[in-house]
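Student: Encoded as structure tokens, here's the structure I'll be asking about.
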Amino acid sequence: MSWESVLPGAFAGGALERAAAAGISDPAMENDTFAAFYERSARPLWAYLARVSTDSALADDLMQESYVRFLCASGAPSLIDQGESAARLYLFRIATNLLRDHWRRPRAASIEEIPEEFFAAQGRSAQTDSHILLGPALRRMNPRERQLLWLAYAEGYSHREIAQVTGLAAASIRLLLFRARRKIAGFLRAQAAPVGRES
Amino acid sequence: MMLQNCPHEKEVRELIESGQWPLAAAPELRAHVSECRACSDLALVSEAFRQGRSETMASASLTSPGVLLWRAQLRRRNAAVERLTRPLLGAQIFALAVTLLAGVGFAGFEARHGVAWLTWLQQLPQGAALDWHNLFSASLANSGWAWMVLFPAFATLVLLGGVAVYMATDKQ
Chain A
1 MSWESVLPGA
11 FAGGALERAA
21 AAGISDPAME
31 NDTFAAFYER
41 SARPLWAYLA
51 RVSTDSALAD
61 DLMQESYVRF
71 LCASGAPSLI
81 DQGESAARLY
91 LFRIATNLLR
101 DHWRRPRAAS
111 IEEIPEEFFA
121 AQGRSAQTDS
131 HILLGPALRR
141 MNPRERQLLW
151 LAYAEGYSHR
161 EIAQVTGLAA
171 ASIRLLLFRA
181 RRKIAGFLRA
191 QAAPVGRES
Chain B
200 MMLQNCPHEK
210 EVRELIESGQ
220 WPLAAAPELR
230 AHVSECRACS
240 DLALVSEAFR
250 QGRSETMASA
260 SLTSPGVLLW
270 RAQLRRRNAA
280 VERLTRPLLG
290 AQIFALAVTL
300 LAGVGFAGFE
310 ARHGVAWLTW
320 LQQLPQGAAL
330 DWHNLFSASL
340 ANSGWAWMVL
350 FPAFATLVLL
360 GGVAVYMATD
370 KQ
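Those protein sequence lines, which keep their order, are chains A and B.
Quick note: the first sequence uses the numbering used here, first residue 1, plus one each step.
Quick note: the second sequence uses the numbering used here, first residue 200, plus one each step.
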């Protein structure tokens with residue numbers, strides 16, 4: 001027997017709504033502010049997830065989950081008070097944690113469980129990658145290096161901001177980035193060389 | 200691997216970030232970048248990532264923000280329901296524990312002092328009239344019976360009082 005049927009007043013009087021909307025001053029304003037923030041931040045976030053995970057279907061899922069967690073988090077920076085850059089940094093941090101959780105999880109999916117769109121998306125991505133050479137080089141890097149490189153050179157984050165997003169010590173970012181940059185530059189040159197010889 | 204910083208890196212980085220590399224770069228800087236390993240790595244990697252970012256962003260298919268807001272609202276609501284029902288679950292567990300304790304106590308007491316009412320029950324089918332007054336007077340003569348009645352009543356009062364206080368504070 002449910003307590004709701006015995007004590008119907010327990011959830012009455014807007015207690016549930018108040019509890020659910022805790023921390024949100026004006027839902028209508030929140031909708032507009034969030035829509036504008038989403039418009040500006042969703043594509044960079046998706047690009048980050050897609051490039052680091054090398055899986056566009058996974059990037060779709062993780063991006064949605066990142067925004068839902070961002071909206072539900074009580075400690076998330078306010079878009080109005082703390083500004084969009086703080087909120088964006090927090091969002092990237094959530095996405096990074098989700099990626100880490102995904103990699104830690106044991107993989108047991110069979111090929112039948114993977115949707116058809118995944119292969120189509122991979123095809124599209126590969127076509128673009130072959131043009132700019134970045135994709136194949138990125139796939140040869142480990143996930144941590146991909147994260148650091150993307151945050152530094154695609155998003156333009158400082159070492160301190162990268163440390164906030166990844167949870168690494170700020171002092172170690174410089175060396176890790178230097179090594180990763182040297183490594184990927186070598187791959188990019190090696191991939192560009194045969195193309196240059198052919199042309 | 201040694202960290203080799205080049206003094207021109209900052210300049211090259213600024214030009215790349217402003218989208219002016221290599222056109223707006225001085226010929227000396229371009230000549231330096233072609234020879235310096237750190238600067239050429241920076242230019243190559245930055246260019247590749249900036250191009251990759253714009254191409255990847257263009258291929259993103261985004262969900263409506265309304266759907267995400269709705270999902271977040273649903274999740275917040277579920278979390279709120281869970282938060283509200285947690286004390287009620289505690290009260291249910293407490294009530295169950297009190298009942299079980301009373302039952303065990305009663306059984307223990309009866310086992311130790313003899314089951315007086317059982318003999319009365321055995322006599323019942325033999326045609327004796329149902330005399331509740333006799334039953335209670337006989338039972339209450341034994342002091343244990345008084346506790347068996349008082350203790351669950353007190354526990355029920357405490358339980359209902361707790362629920363009432365919880366609901367009162369919740370409304371505040």
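Quick reminder that beta carbons are idealized off the backbone N, C-alpha and C, glycines included.
Since the structure is predicted, the reported quantities are computational estimates derived from the model, not experimental observations.
For the stretch 139–159 of chain A, list every residue whose C-beta sits within 9 Å of some C-beta in chain B, in sequence order.
Tutor: Leu-149, Trp-150, Ala-152, Tyr-153, Ala-154, Glu-155 and Gly-156
Student: Under the assumption that Val-52 (chain A) contacts Leu-89 (chain A) (Cβ atoms under 8 Å), give the Cβ distance between them as a whole number of angstroms.
Tutor: With 8 Å as the limit, Val-52 (chain A) and Leu-89 (chain A) do not qualify as a contact, their Cβ atoms being about 16 Å apart.
Student: Spatial neighbours of Ala-301 (chain B) within its chain, please: CB distance less than 8 Å, with the 5 preceding and 5 following residues excluded, ordered by chain position.
Tutor: Met-347, Phe-350, Pro-351 and Ala-354
Student: Note down, in chain order, each residue of its chain lying with its Cβ closer than 8 Å to the Cβ of Leu-222 (chain B), except the 5 sequence neighbours on either side.
Tutor: none
Student: Grab the span of the alpha helix (DSSP H) containing Ala-59 (chain A) for me, first residue to last.
Tutor: 56–72
Student: In terms of residues, what are the limits of the alpha helix (DSSP H) holding Arg-146 (chain A)?
Tutor: 143–149
Student: Would you verify that the beta carbon of Thr-262 (chain B) is, or is not, closer than 8 Å to some beta carbon of chain A?
Tutor: yes
Student: For Arg-124 (chain A), would you say it is in contact with chain B, using Cβ-to-Cβ distances shorter than 8 Å as the test?
Tutor: Any reading at Arg-124 (chain A) needs caution, since the residue's pLDDT is 48, under 50, leaving its predicted position unreliable; the model's value is listed next. Cβ-Cβ to chain B under 8 Å: yes for Arg-124 (chain A).
Student: Kindly indicate which residue of B:Ser-258, B:Gly-218, B:Ala-224 and B:Val-244 has the alpha-carbon position closest to the one of Leu-188 (chain A).
Tutor: B:Val-244
Student: Can you give me the C-alpha to C-alpha distance between Ala-137 (chain A) and Ala-57 (chain A), rounded to a whole angstrom?
Tutor: 20 Å
Student: What residue range is occupied by the uninterrupted alpha helix (DSSP H) comprising Gly-135 (chain A)?
Tutor: Taken as a continuous stretch (DSSP letters only), the alpha helix (DSSP H) holding Gly-135 (chain A) covers 134–139.
Student: By the criterion of Cβ-Cβ separation under 8 Å, what are the contact partners of Trp-46 (chain A) in chain B?
Tutor: Within 8 Å of the CB of Trp-46 (chain A), the CB atoms of chain B belong to Thr-255, Met-256, Ala-259 and Leu-261, in sequence order along the chain.
Student: Could you run through the stretch 205–221 of chain B and flag, in chain order, every residue whose CB is less than 8 Å away from some CB of chain A?
Tutor: Glu-216
Student: Since Ser-245 (chain B) meets chain A, which of its residues come closer than 8 Å, beta carbon to beta carbon?
Tutor: Chain-order list of chain A residues neighbouring Ser-245 (chain B): Tyr-153, by C-beta distance under 8 Å.
Student: What's the call for Gly-135 (chain A), buried or exposed, on a 16-neighbour Cβ count within 10 Å?
Tutor: buried
Student: Is there a Cβ of chain B sitting closer than 8 Å to that of Gln-191 (chain A), yes or no?
Tutor: No - not a single Cβ of chain B is within 8 Å of the one on Gln-191 (chain A).
Student: Please classify Pro-44 (chain A): is it buried, with 16 or more other beta-carbons within 10 angstroms of its beta-carbon, or exposed?
Tutor: buried
Student: Does the CB of Phe-305 (chain B) have a neighbour CB from chain A at under 8 Å?
Tutor: no
Student: List, in order along the chain, the chain A residues whose C-beta lies closer than 7 Å to that of Ala-271 (chain B)?
Tutor: The contact set of Ala-271 (chain B) on chain A, defined by CB atoms closer than 7 Å, consists of Val-68, Leu-71 and Cys-72 in chain order.
Student: Quick one: what's got a C-beta closer than 7 Å to Glu-65 (chain A)'s C-beta in the same chain, skipping five residues either side?
Tutor: Closer than 7 Å at the Cβ level, and outside the excluded window around Glu-65 (chain A), lie Leu-98.
Student: Candidates B:His-231, B:Leu-241 and B:Arg-270: which alpha carbon is nearest Glu-213 (chain B)'s?
Tutor: Nearest C-alpha to Glu-213 (chain B): B:Leu-241.
Student: So, with DSSP's three-state summary, where would you put His-207 (chain B)?
Tutor: The answer is coil: DSSP assigns His-207 (chain B) none of H, G, I, E or B.
Student: Just the Cα atoms here: how many angstroms apart are Val-266 (chain B) and Ser-74 (chain A)?
Tutor: 20 Å
Student: Within 10 angstroms of the Cβ of Thr-166 (chain A), are there 16 or more other Cβ atoms? Answer buried if so, exposed if not.
Tutor: buried
Student: Quick check on this structure: which residue in A:Arg-139, A:Ala-35 and A:Trp-150 has the alpha carbon closest to the alpha carbon of Phe-92 (chain A)?
Tutor: Residue A:Trp-150 is the option with its Cα nearest to Phe-92 (chain A).
Student: With Ala-154 (chain A) and Arg-252 (chain B) assumed to form a contact (beta carbons below 8 Å), what rounded beta-carbon distance in angstroms separates them?
Tutor: 4 Å
Student: For Cys-235 (chain B), which of helix, strand or coil comes out of DSSP?
Tutor: In this structure, DSSP gives Cys-235 (chain B) a state outside helix and strand, which the three-state scheme calls coil.
Student: Could you name the residues of the same chain whose beta carbon sits closer than 7 Å to that of Ile-94 (chain A), not counting the 5 residues immediately before and after it, in chain order?
Tutor: Ser-66, Arg-69 and Phe-70
Student: Quick one: is Phe-187 (chain A) near chain E, going by C-beta distance under 8 Å?
Tutor: The structure shown contains no chain E; its protein chains are A and B.
Student: Can you list the residues of chain B that Asn-31 (chain A) reaches, using a CB-CB cut of under 7 Å?
Tutor: Leu-268
Student: Enumerate in chain order the residues of its own chain whose CB-to-CB distance from His-159 (chain A) is below 7 Å, with the five nearest sequence positions on each side excluded.
Tutor: Ala-170, Ile-173 and Arg-174
Student: Can you tell me where the alpha helix (DSSP H) holding Trp-103 (chain A) begins and where it ends?
Tutor: 84–104
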